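Just so we're aligned, residue 591 is where the sequence shown starts under this note's numbering, counting upward by one.
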Amino acid sequence: MPDDIASATGKLPIKMLHDRILVALRKEDGDRRSSGGILIPATAQVAKRLVWGEARGVGASVRQVKVGDQVLFSPEDQHEVEVHGEDLIILRERDVHAVAAERIEESTGLYL
């Protein structure tokens, strides 16, 4: 965002430090339906379920994740923060279990 727009809206640019990743949760990680059609609320306790999110910012020491990548992580390893009215999560790169992106060449045969 150009400096004049950032100052006009009162929003400052954010730079992630070291190995930190700023992640937005995917919308579909809220309420979901079981294979039998039962609605499972987002607040339901599910044993160690990993979730997907989109990387919105990465620190200089992050090597495997780029802005815009989809990352798989445990909700227990997160720190929530509100940035410009949006709820986001801060993770360390080591807390990311998988990365999904167009640029990845090594394939496991699985696709999102």
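Backbone N, C-alpha and C define an ideal beta-carbon position, used for all residues, glycine too. These numbers come from a predicted model, not from an experiment.
Cut-off 8 Å between Cβ atoms - residues of its own chain near residue i, not counting five sequence neighbours on either side
| i | result |
| --- | --- |
| Ile-611 | Ala-645, Gly-647, Val-648, Gly-649, Val-652, Val-655, Val-661, Ile-680, Leu-681, Arg-682, Glu-683 and Val-686 |
Identity of the residues DSSP links to residue i by a beta bridge
| i | result |
| --- | --- |
| Leu-612 | Gly-647 and Ile-680 |
| Glu-692 | Glu-692 is not bridged to any residue. |
| Leu-607 | DSSP lists no partner for Leu-607. |
| His-669 | Ile-680 |
| Gln-660 | Glu-644 and Ala-690 |
Sequence-distant residues of its chain with Cβ nearer than 7 Å to residue i (five each side left out)
| i | result |
| --- | --- |
| Leu-640 | Leu-662, Phe-663, Ser-664 and His-687 |
| Val-673 | Ile-604 |
Alpha carbon of residue i to alpha carbon of residue j, nearest angstrom
| i | j | result |
| --- | --- | --- |
| Leu-629 | Gly-658 | 29 Å |
| Ala-691 | Gly-643 | 12 Å |
| Glu-695 | Val-689 | 12 Å |
| Glu-676 | Leu-607 | 20 Å |
| Glu-601 | Ala-614 | According to the sequence displayed, residue 601 carries Lys and not Glu. Distance between the alpha carbons of Lys-601 and Ala-614: 18 Å. |
| Gly-627 | Pro-603 | 43 Å |
| His-669 | Arg-693 | 28 Å |
Cβ shell of residue i (< 6 Å), same chain only, five flanking positions each side left out
| i | result |
| --- | --- |
| Arg-666 | Contrary to the premise, residue 666 reads as Glu rather than Arg in this sequence. Counting only Cβ-Cβ distances below 6 Å, and skipping sequence neighbours, we find nothing. |
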